[in-house]
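So the first sequence is residues 3 to 287, counted in the working numbering.
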Amino acid sequence: MPELPEVEVVRRGLEGHVVGRTVERVEVLDVRSLRRHLAGARDFAARLEGRTVTAARRRGKFLWLVLDDDTPVVCHLGMSGQMLVEQPDAPREKHLKVALDLSGGTQLRFVDQRIFGGMLVSGGTPDVPDEVAHIALDPLDPAFDVEDVVRRARARRTGVKRALLDQTLVSGVGNIYADEALWRTPLHYARATDRLRPIDVRRLLGHVADVMRDALAQGGTSFDALYVNVNGQSGYFDRSLNAYGQEGEPCARCGTPIRRDTWMNRSSYWCPRCQPRPRGANARS
DNA sequence: GCTTGCGCCTGAATGC
DNA sequence: TGCATTCAGGCGCAAG
């Protein structure tokens, strides 16, 4: 699934291959991918056709193209979304949802098996589309304010992993990177945020940024790499995962088998020795 | 106002 | 073999 580094790789691909091109024709193959564009598929197409793409931007896992009338077109990849630039006559993917014919004879395709993602023409500004307004900055954003996040995290009465996954506190952190950053710090996922020391939160946020930067470095920045990544060869994270998906494997730090808990209808992986489970007031999951 | 949990989706993996 | 169930999880939204 696309995590923030993958979304950034996609953004760079769009910046290199889509910015400067004009949308000549829009084909919507599955309206469910436009369900958040309330005015419907026909309106979506009308708003894009004839417009030139001037920028590709990102905050957290939200991605948007800016058109030459300053309209942002928001794209979210959800769990399974892909953005591909291909020849118009290339074989169509099974889950192709939206195809944009671009000037210069290429086609931008939005492919999404599980339809958790989608596209929409947004209100708001090119810098902050409406759908992104409530999303916090991500740890790779130059304006990311660590001390502000430390303060706001400690003001909450919740568990530390819940806080990491809350997009209004810090954006771009998914289940995989939350577990990896907690392992690196190390902290148990159920530690109460209001009982953490500021230095612990600072360390945690530093590890979140490091995990993302490591993955971005591995993911490459070429469009070839983009193809590789979105085509499911996710060698991207696999090599460097210490916790996520490692149930039963020895912890790289202490050798204790990694545990897996069911948590919030998903999984949490943790080392029982390095990340001891908190008790009493220190726990909040 | 803040925190918590559900539902959206499909297909691979698993169970009977 | 074939059908049913489980699991994966980012996000918006409603309920607590």
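Note that the Cβ used here is the ideal one computed from N, Cα and C, for glycine as well.
Sequence-distant residues of the same chain with beta carbon closer than 6 Å to residue i, five excluded per side
i, result
"residue 19", "87"
"residue 200", "152"
"residue 4", "79"
"residue 285", "192"
"residue 213", "179, 182, 183"
"residue 101", "29, 109, 111"
"residue 234", "At residue 234 the pLDDT is 36, less than 50, meaning the model places this residue with poor confidence; the figure from the coordinates comes in the next sentence. Correct list: empty, nothing qualifies."
Contact belief for residue i with residue j at Cβ below 8 Å, rounded distance in angstroms
i, j, result
"residue 287", "residue 179", "Wrong, their Cβ atoms sit about 18 Å apart, outside the cutoff."
"residue 139", "residue 155", "About 14 Å separates the two Cβ atoms, so there is no contact after all."
"residue 80", "residue 132", "About 18 Å separates the two Cβ atoms, so there is no contact after all."
"residue 1", "residue 218", "This structure cannot settle anything about residue 1, because the visible part of the chain is limited to 3 through 287."
"residue 74", "residue 35", "Not quite, the Cβ-Cβ distance comes to about 17 Å (not below 8 Å), so this is no contact."
Residues near residue i in its chain [Cβ-Cβ closer than 7 Å; skip 5 each side]
i, result
"residue 21", "55, 56, 57, 58"
"residue 158", "165, 195, 196"
"residue 211", "141, 142"
"residue 267", "none"
CA-to-CA distance, residue j to residue i, given in whole angstroms
i, j, result
"residue 143", "residue 99", "30 Å"
"residue 17", "residue 259", "43 Å"
"residue 103", "residue 52", "11 Å"
"residue 169", "residue 209", "17 Å"
"residue 1", "residue 72", "This structure gives no information on residue 1, because the portion of the chain shown stretches from 3 to 287."
"residue 141", "residue 207", "7 Å"
"residue 70", "residue 243", "41 Å"
"residue 231", "residue 198", "For residue 231, the pLDDT reaches just 41, beneath the cut-off of 50, and the residue's location in the model is therefore unreliable, although a value from the coordinates is still provided. Cα to Cα, residue 231 sits roughly 36 Å from residue 198."
"residue 50", "residue 163", "39 Å"
"residue 263", "residue 92", "43 Å"
"residue 175", "residue 46", "29 Å"
"residue 134", "residue 64", "7 Å"
"residue 89", "residue 44", "24 Å"
"residue 253", "residue 265", "20 Å"
"residue 245", "residue 283", "25 Å"
"residue 126", "residue 145", "20 Å"
"residue 137", "residue 256", "37 Å"
Beta-carbon proximity list for residue i, same chain, < 8 Å, skipping 5 on both sides
i, result
"residue 261", "249, 271, 272, 273, 274"
"residue 161", "191, 192, 193, 194, 195, 285, 286, 287"
Among the options, the one whose alpha carbon lies nearest that of residue i
i, options, result
"residue 96", "43, 267, 204, 83", "83"
"residue 281", "251, 203, 193", "193"
"residue 26", "78, 94, 105, 49", "105"
"residue 205", "149, 34, 101, 173", "149"
"residue 62", "13, 128, 94", "13"
"residue 147", "127, 128, 173, 252", "173"
"residue 118", "7, 77, 44", "77"
"residue 8", "253, 266, 254, 216", "216"
"residue 23", "107, 267, 268", "107"
"residue 129", "60, 48, 269, 246", "60"
"residue 32", "256, 116, 48", "116"
"residue 247", "269, 202, 94, 48", "269"
"residue 39", "94, 255, 267, 122", "122"
"residue 6", "177, 37, 145, 67", "177"
>> If contact is defined by three or more beta carbon pairs under 8 Å, each pair taking one atom from either stretch, is the stretch 176–191 in contact with the stretch 274–283?
In response: yes
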